[in-house]
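Notes for the one structure printed next.
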Amino acid sequence: MTVMIRIGVIGAGIMGSLHAEAYQQNPNAELIAVCDLIREKAEKAAEKFEAGAFYTDYRKMIEKEELDAVAVATPDFAHTDPVITALEAGLDVIVEKPLATKREDADRIVKAVEKSGCNLMVNYGNRMRPQHRRVKQMIENDELGNPIHAYAKLMNSLSVPLEMLSWSSKSSPTWFLMSHMVDMIRWWFNAEAVMAYASKTEGVLNSKGVTTHDTMTAIVKFENGATATFETAWILPNSLPRNVDHRIELIGTKGFLKIDQFKEGLEVYTDGVTYPSSGTTDLNYKRVGWWFESVNYFIHCLENDIKPKPDENDGRAVTNILLAIIESAERDEPVKIT
């Protein structure tokens with residue numbers, strides 16, 4: 089018998105709206121309610137995605153509605169309280185990345201998961217890209233040998249911190265972007281990070297009223313001896329045909345590979361070359377692609393009593409790596425990752 093997962097969405101911005109759309113079209117999920125601090129956003133999303141109710145207080149939504157799970161799609165820095173409130177109410181949780189931006193908040197969430205016995209998944213959706221899953225399989229099948237070094241770059245144009253996000257000053261390209269790559273390389277390596285050395289630049293965003301760094305470059309050493317270089321930025325020019333530049337390379341003892349998500353295998357030439365995103369597309373009147381697959385995987389896990397991954401411990405590990413990277417950049421010296 090099919091299990092219907094009743095879910096509420098907390099946060100009705102860009103990511104919250106994607107979550108609501110995913111549950112609306114998933115035959116095994118029922119979008120019960122949408123919550124946002126801004127009433128108009130919550131009401132509009134509830135109407136658009138056919139939720140039964142909308143709220144401006146997630147606590148009231150959790151208290152009044154019969155839910156099995158919640159999706160927390162609030163800004164980077166605002167995950168902890170709604171996640172813990174949901175867990176304490178006995179609800180499973182999918183939370184947007186990063187899990188938390190403070191060590192103590194990540195620890196509190198892990199403890200809340202353990203106490204509740206509920207499931208938590210951090211939505212590092214890049215794990216669901218077919219290319220990335222194929223690389224994971226190649227590593228596990230020893231097709232590349234032991235991973236020795238990875239290079240991962242994920243950058244945005246200025247339109248993201250200046251136009252797309254209203255809370256850029258409370259985040260950074262490190263939290264917003266590098267977190268994706270740190271999670272994925274840790275997943276590929278199947279090893280914990282032990283040391284970080286990083287350097288940042290700043291000034292461009294500050295001059296435009298966004299008080300965060302412009303770029304971050306980090307070298308991270310893992311317990312298995314492998315290393316990774318991570319690069320991120322929020323200041324690429326808006327003249328780029330897409331607002332994201334995403335490239336990865338991996339060296340193993342038996343081989344080498346590289347992925348260019350900037351092109352995604354699709355180049356279009358009209359008045360000028362463009363690289364349209366093929367990460368999501370419409371198929372049979374619904375949206376499909378790696379991000380939707382990540383959310384659908386969460387629903388699948390709840391239906392079949394499977395613990396979803398990445399979980400709270402993966403999320404905490406990434407948070408601790410990023411905190412070490414930021415500390416290293418501020419101190420200009422290597423920092424041990426604990």
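In my numbering, the protein residues as written are 89 to 426. Ideal Cβ positions, reconstructed from N, Cα and C, are used throughout, including at glycine. Since this is a predicted model, take the numbers as computed values, not measurements.
Contact belief for residue i with residue j at Cβ below 8 Å, rounded distance in angstroms
| i | j | result |
| --- | --- | --- |
| residue 179 | residue 150 | 7 Å |
| residue 237 | residue 161 | Contact flag wrong, Cβ pair sits at about 34 Å. |
| residue 431 | residue 263 | One cannot answer for residue 431 here, as it falls past the ends of the chain, which runs 89 to 426. |
| residue 117 | residue 102 | Not confirmed; about 20 Å, so no contact. |
| residue 187 | residue 400 | 7 Å |
| residue 245 | residue 325 | 6 Å |
| residue 320 | residue 242 | 6 Å |
| residue 134 | residue 122 | 4 Å |
| residue 40 | residue 287 | The first residue shown for the chain is 89 and the last is 426, placing residue 40 beyond what the model contains. |
| residue 120 | residue 139 | 6 Å |
According to DSSP, residues forming a beta bridge with residue i
| i | result |
| --- | --- |
| residue 262 | BP columns for residue 262 are empty, so no partner. |
| residue 142 | 122 |
| residue 137 | DSSP, once it has assigned bridges, lists no residue as partnering residue 137. |
| residue 285 | 307 |
| residue 351 | Looking at the DSSP assignment, residue 351 forms no beta bridge with any residue, so it has no partner. |
| residue 423 | 284 |
| residue 210 | 183 |
| residue 117 | 93 |
| residue 241 | 319 and 335 |
| residue 253 | Paired residues: none, contrary to the question. |
Extent of the continuous beta strand (DSSP E) run through residue i
| i | result |
| --- | --- |
| residue 334 | 332–340 |
| residue 248 | No beta strand (DSSP E) holds residue 248; DSSP gives it neither H nor E. |
| residue 348 | 344–348 |
| residue 216 | Residue 216 -> no beta strand (DSSP E), and no H or E assigned at all. |
| residue 175 | First-last for residue 175: 168–176, but that is the alpha helix (DSSP H), not the beta strand (DSSP E). |
Reduced DSSP category for residue i - H, G, I as helix; E, B as strand; rest coil
| i | result |
| --- | --- |
| residue 329 | coil |
| residue 224 | helix |
| residue 235 | strand |
| residue 193 | helix |
| residue 156 | coil |
| residue 397 | coil |
| residue 294 | helix |
| residue 185 | coil |
| residue 411 | helix |
| residue 130 | helix |
| residue 161 | coil |
Boundaries (first-last residue) of the alpha helix (DSSP H) holding residue i
| i | result |
| --- | --- |
| residue 63 | Summary: the structure shown does not reach residue 63, with the chain confined to residues 89 through 426, and so no result is reported for it. |
| residue 96 | Unbroken run through residue 96 is the beta strand (DSSP E), 93–98; no alpha helix (DSSP H). |
| residue 106 | 102–113 |
| residue 277 | 267–277 |
Heavy atom of the ligand SAH within 8 Å of residue i beta-carbon
| i | result |
| --- | --- |
| residue 375 | This structure does not include the ligand SAH; it has no bound ligands of any sort. |
*Entirely enclosed beta strand (DSSP E) segments - the segment 296–320, minimum 3 residues*: If only complete runs of 3 or more residues are kept, the segment 296–320 shows the beta strand (DSSP E) at 303–310, in order along the chain.
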